[in-house]
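J.:
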Amino acid sequence: QSKPQARVDGSTGVKFSDVAGIDEAVEELQELVRYLKNPELFDKMAIKPPHGVLLEGPPGCGKTLIAKAIAGEAGVPFYQMAGSEFVEVLVGVGSARIRDLFKRAKVNKPSVVFIDEIDALATRRQGIFSESTNYLYNAATQERETTLNQLLIELDGFDTGKGVIFLGATNRMDLLDPALLRPGRFDRKIRIRPPAAKGRLDILKVHARKVKMSPTVDLSTYAQNLSGWSGAKLAQLVQESALVAVRKGHDSILQSDMDEAVDRLTVGPKRLGIALG
Ligand code: ATP
Numbered sequence: 432q433s434k435p436q437a438r439v440d441g442s443t444g445v446k447f448s449d450v451a452g453i454d455e456a457v458e459e460l461q462e463l464v465r466y467l468k469n470p471e472l473f474d475k476m477a478i479k480p481p482h483g484v485l486l487e488g489p490p491g492c493g494k495t496l497i498a499k500a501i502a503g504e505a506g507v508p509f510y511q512m513a514g515s516e517f518v519e520v521l522v523g524v525g526s527a528r529i530r531d532l533f534k535r536a537k538v539n540k541p542s543v544v545f546i547d548e549i550d551a552l553a554t555r556r557q558g559i560f561s562e563s564t565n566y567l568y569n570a571a572t573q574e575r576e577t578t579l580n581q582l583l584i585e586l587d588g589f590d591t592g593k594g595v596i597f598l599g600a601t602n603r604m605d606l607l608d609p610a611l612l613r614p615g616r617f618d619r620k621i622r623i624r625p626p627a628a629k630g631r632l633d634i635l636k637v638h639a640r641k642v643k644m645s646p647t648v649d650l651s652t653y654a655q656n657l658s659g660w661s662g663a664k665l666a667q668l669v670q671e672s673a674l675v676a677v678r679k680g681h682d683s684i685l686q687s688d689m690d691e692a693v694d695r696l697t698v699g700p701k702r703l704g705i706a707l708g
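Residue numbering for the sequence shown is 432 to 708, as defined by full-length UniProt numbering.
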């Protein structure tokens with residue numbers, strides 16, 4: 432249980448062309464790819480290397496995908512862990528995992544370290560001398576604070592670990608400890624917004640490329656009508672349409688298959704009406 436469980440991907444294989452609807456974020460992150468491809472050049476030109484980047488936005492809008500695309504474009508290893516995997520009651524386990532994660536990434540640099548749901552380990556510190564008399568509460572809080580301190584130490588020591596990029600993702604920026612947001616730690620914050628109609632169309636097109644979609648299907652109508660749908664839900668829609676098409680014996684996805692899939696993925700009064708009716 433005390434073993435770190437970073438998932439390592441030799442090369443994620445994800446490219447920026449797999450990411451749609453968040454072009455501005457992609458544009459900003461190109462610099463990280465340039466750096467990972469040639470860290471020595473930044474060194475030679477005395478350009479300050481990028482430190483950490485915080486990706487902030489609602490679930491399912493491409494934070495993990497874009498982090499993987501940075502590693503994939505640069506062709507470097509990708510070390511991924513979730514913030515919740517560092518939260519242990521046993522004192523010292525979380526900080527040991529942090530140390531190990533960065534150690535492995537530095538040995539294999541250039542590389543990318545990605546911590547998803549970083550708010551789980553980096554919530555605002557309250558000080559260990561809390562008024563609470565609950566021992567377990569204090570132990571858990573102390574452990575989380577030790578883990579966060581270790582993360583801050585790793586980020587501050589990045590000069591010795593040149594060639595490692597640190598990316599964190601959260602949908603609760605407001606919970607993060609301000610120390611993490613100080614310059615030199617996360618020196619850039621990038622907002623990943625939910626897609627608007629044009630973004631939804633681009634995302635549908637990216638996923639339609641991976642299946643056999645009939646040219647008669649008008650994706651723009653779906654993009655217009657499915658406001659509020661995340662990239663993850665749109666990807667699921669394409670997958671679900673493919674399943675419907677197979678079940679119906681169609682040799683490509685038809686408009687009626689898409690309609691049925693939309694219906695299946697729509698949770699609300701209309702769907703409930705059908706279920707109850
Ligand atoms: P969470 O906060 O829940 O971890 P996330 O923002 O990291 O969410 P991803 O894991 O990147 O979301 O998205 C899940 C899947 O949804 C992706 O693997 C991809 O298939 C699809 N997807 C999401 N956003 C996009 C996008 N902008 N372009 C293309 N596909 C997307």
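All C-beta atoms in this analysis are idealised placements derived from N, C-alpha and C, irrespective of residue type, glycine included. If you're wondering where the values come from, they're calculated on a predicted model, not measured in any experiment.
Curious, which full-length alpha helix (DSSP H) runs of at least 4 residues does the UniProt domain "AAA+ ATPase" (480 to 627) contain?
T.: 494 to 505, 524 to 538, 566 to 587
J.: Please state if the CB of residue 498 and the CB of residue 598 are separated by a distance shorter than 7 Å.
T.: yes
J.: Does the segment 658 to 673 touch the segment 618 to 627, meaning 3 or more C-beta pairs lie closer than 8 Å?
T.: yes
J.: Using only the alpha-carbon positions, how far apart do residue 616 and residue 524 sit?
T.: Using only the alpha carbons, I get a separation of about 22 Å.
J.: Closest to residue 577 by CA distance: which of 546, 527, 542, 614 is it?
T.: Taking only the C-alpha atoms, the option nearest residue 577 is 527.
J.: Could you tell me the alpha carbon to alpha carbon distance between residue 584 and residue 519, rounded to whole angstroms?
T.: 19 Å
J.: Taking the alpha helix (DSSP H) that residue 467 belongs to, which residues open and close that run?
T.: Looking at the DSSP string, the run of the alpha helix (DSSP H) that includes residue 467 is 454 to 468.
J.: Quick check on residue 548: buried or exposed, where buried means 16 or more other Cβ atoms within 10 Å of its Cβ?
T.: buried
J.: Starting from residue 668, trace the alpha helix (DSSP H) in both directions and tell me its first and last residue.
T.: 662 to 678
J.: Would you call the segment 631 to 650 and the segment 494 to 514 in contact, with 3 or more CB pairs under 8 Å?
T.: no
J.: Taking only three categories from DSSP, how would you classify residue 476?
T.: Residue state, collapsed to three classes: coil.
J.: Taking residue 689 as part of the alpha helix (DSSP H), name the residues at either end of that continuous run.
T.: 686 to 696
J.: Roughly how many whole angstroms lie between the Cα atoms of residue 698 and residue 692?
T.: 12 Å
J.: Cα separation between residue 495 and residue 600?
T.: 8 Å
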